[in-house]
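Protein chains in written order, with the numbering used here: chain R, 311 to 631; chain V, 921 to 1177. Data first, discussion second: the structure below is written as structure tokens.
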Amino acid sequence: MAISNIWVVVEPGTTGLSTTSLELLTNARTYGATVSAITWENGASFAAQAGEYGASTLFDVGSLGGALPGVPVASAIVALVASQGAPDAILIPTSYDGRDIAGRLSARLDRPVLTNVTGLSDDGGLVTEHPAFGGTQIVKAKFTGETPGIIVIRAKSFAAESAGGAAANVVSAPAGDTGATGTAKITTTHVEERTGPQLEEATIVVSGGRGLGEAANYVLISDTAKLLNGAAGASRAIVDAGWVPYSAQVGQTGKTVKPAVYIACGISGATQHMVGMKGSKNIVAINKDPEAPIFQMADFGIVGDVLKVLPELIAALKARG
Amino acid sequence: MNIVVCVKQIPDPAAPQSFDGSHNLNRSGKLILDEADTYGVEMALQLVDKAGSGEVTVVSMGSAADLAGVRNALAMGAAKAIMVSDDALRGTDALGTAKVLAEAIKRVNPDLVLCATESSDGYTGTTPVQVAELLGLPSITFAKSVTVDGSTVKVDRQTEAGYDEVTSPLPCLLTVTAGVVEPRYASFKGIMAAKSKPVEILSIGDLGLGAVTGPAGARQQIISVVAAESRAAGEKHVDEGNAAQEIITFLESIKVL
């Protein structure tokens, strides 16, 4: 069955649509299908960008009135499926809000959802790719029931490329009454001060793990990252331990990064972590244990104590000015 | 205040993992309580404590042959457990799991449902929100901090840029991130007490569910499992006092410095 219609949920980012949204639009237009996008809050302002990356129509849910996006956006999509007919697939970015939208939509439409997708292909219908066991194996899957298939795709799975398309046609797609489910409201938004680049956008990522010994030593990671004009990340172990916030976590349950160089400090290389950084162009590892799995994928490994190597590295980088 | 915590018994993540012949995760070994769930259990215990009344019920789905993980949650302080266990559940997807959990949760009629953001074995990460939708509840995911004030829950929710303060009336479903609270270790007394706490084992028939479960209910199919392209190990040097310089030289060679 040919793929004729794909909808892509595109999220407002800090400036314009989020990078992952543009990656999904770029991929969606490779199947020869009509691509429509769905967004919220200030849809008209994204029409040019959505069109440039391949969407002919941009459905705008409009202002959410402080509600978290999951419920109203899913509700609007359910209404669109009823009025426009079901597309072959709905692509959604893996993000805090994207996952909410996917879960709500799946339950409302009674359709299954495939998540953690890192690749898509057309084999008489969309075939999804999922990394398993730390990315050592790739699982390929497809939907067998009625459309639409709901597919949640991880960041950096595709490159975002402009198609030079004209602005998308903006069509209002209100959420309607969401009842009790829509009663969670944002009262205040806090933007955390960030000095360097974002974790997912940085050219250099310096990440710390259990080998740092204690929370106070994480400053070695943030200092090194700062000096390299990179971003600081973390393994799940130290996020679970409460040393650093969840937002810094790289791995299966955290962020996917693909920097020019990933510097893993005191990280053993659990499968959980590897899947989030194995796409890095270069990997540097510092670990006391010469048998740590991280060395199996490191381009450059130092068998040593991060508490000794990092202060020296910081001093050397400072000396370079 | 009555709270349900959804928990999952998973194969030890530190042990080698594999698929069985039907591409299901091999769960034949020992199962443990997913560490990601311990934050929800701890949070629930603290909230009930603060409220001064009520209890924590853990709800799970999976094999009832080994209940060590569920007993662990009871040993931490949960009052009772509901375990939905049925051979027909093998191969059930996230939405089918949500349907099962939602039916089980209805029996408790809680003020709050807590879940991890995702399990540490399957990682689908949509089941909690699917449960909320099936129960007709609001949800707040990725909670970094949780307080209950009367009939309102206030949450700091992780965002890309920082965090949002979000409020919702109860009942509500939350997913909590790791590190939100420090999970207690079960005391000896707790472990002994857990042995006699009630664990209700239900079949899907008991819940009035049928076709939603198993591979047919999943409406998705694994086509193949192939080895991913692997990275080759590169140079490995033992630090002899010049590691910092060696790293700088490497960074220069790949032109990031």
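Glycine is no exception: its CB is placed at the ideal position from the N, C-alpha and C atoms.
Annotation: the continuous alpha helix (DSSP H) that includes residue 583(R) extends over 581-587.
Residue pairing by DSSP puts residue 1087(V) in a beta bridge opposite 495(R) and 1074(V). Secondary structure note for residue 408(R): its alpha helix (DSSP H) is the uninterrupted segment 406-419. When beta bridges are read from the DSSP output, residue 400(R) appears opposite 317(R) and 460(R). Relative to residue 442(R), the option among 563(R), 602(R) and 605(R) whose CA is nearest is 563(R).
For residue 989(V), no beta strand (DSSP E) segment is defined; the enclosing uninterrupted segment is the alpha helix (DSSP H) at 988-996. By the Cβ criterion, the segment 1036-1046 of chain V is in contact with the segment 941-960 of chain V, since at least three pairs of Cβ atoms, one from each stretch, lie closer than 8 angstroms. Per DSSP, the unbroken beta strand (DSSP E) holding residue 370(R) starts and ends at 367-370. For residue 1112(V), the enclosing alpha helix (DSSP H) has its first and last residue at 1108-1114. Against chain R, the CB of residue 929(V) has no partner CB under 8 angstroms away; the residue lies outside that interface. Sixteen is the threshold: since fewer than 16 other Cβ atoms of the shown chains lie within 10 Å of the Cβ of residue 1056(V), the residue is exposed. Using a CB distance below 8 angstroms, the part of the segment 1027-1049 of chain V facing chain R consists of 1037, 1038, 1040, 1043, 1044, 1045, 1046, 1047, 1048 and 1049, ordered along the chain. Residue pairing by DSSP places residue 431(R) opposite 437(R) in a beta bridge.
Look at residue 443(R): its C-beta is under 8 angstroms from a C-beta on chain V. Bridge partners of residue 592(R) according to DSSP: 571(R).
Judged by DSSP secondary structure, residue 1165(V) falls within the alpha helix (DSSP H) whose first and last residues are 1163-1173.
Using a Cβ-Cβ cut-off of 7 angstroms, residue 1104(V) is close to nothing in chain R; its nearest Cβ partner there is about 14 angstroms away. For residue 963(V), the enclosing alpha helix (DSSP H) begins and ends at 955-971. Closest in C-alpha terms to residue 948(V), from the list 1072(V), 935(V) and 959(V), comes 935(V). Counting only Cβ-Cβ distances below 7 angstroms, residue 1108(V) has no contacts in chain R at all, with the closest Cβ about 24 angstroms away.
The C-beta distance from residue 1122(V) to residue 1024(V) rounds to 7 angstroms, short enough to meet the 8 angstroms contact threshold.
Against chain V, the beta carbon of residue 611(R) has neighbours under 8 angstroms at 1153, 1154, 1155, 1156 and 1157, listed in chain order. Residue 1013(V) is a Cβ neighbour of residue 422(R), given a cutoff of 8 angstroms.
Scanning 330(R), 327(R) and 338(R) for the CA closest to the CA of residue 316(R) turns up 338(R).
The Cβ atoms of residue 347(R) and residue 388(R) lie no closer than 8 angstroms to each other.
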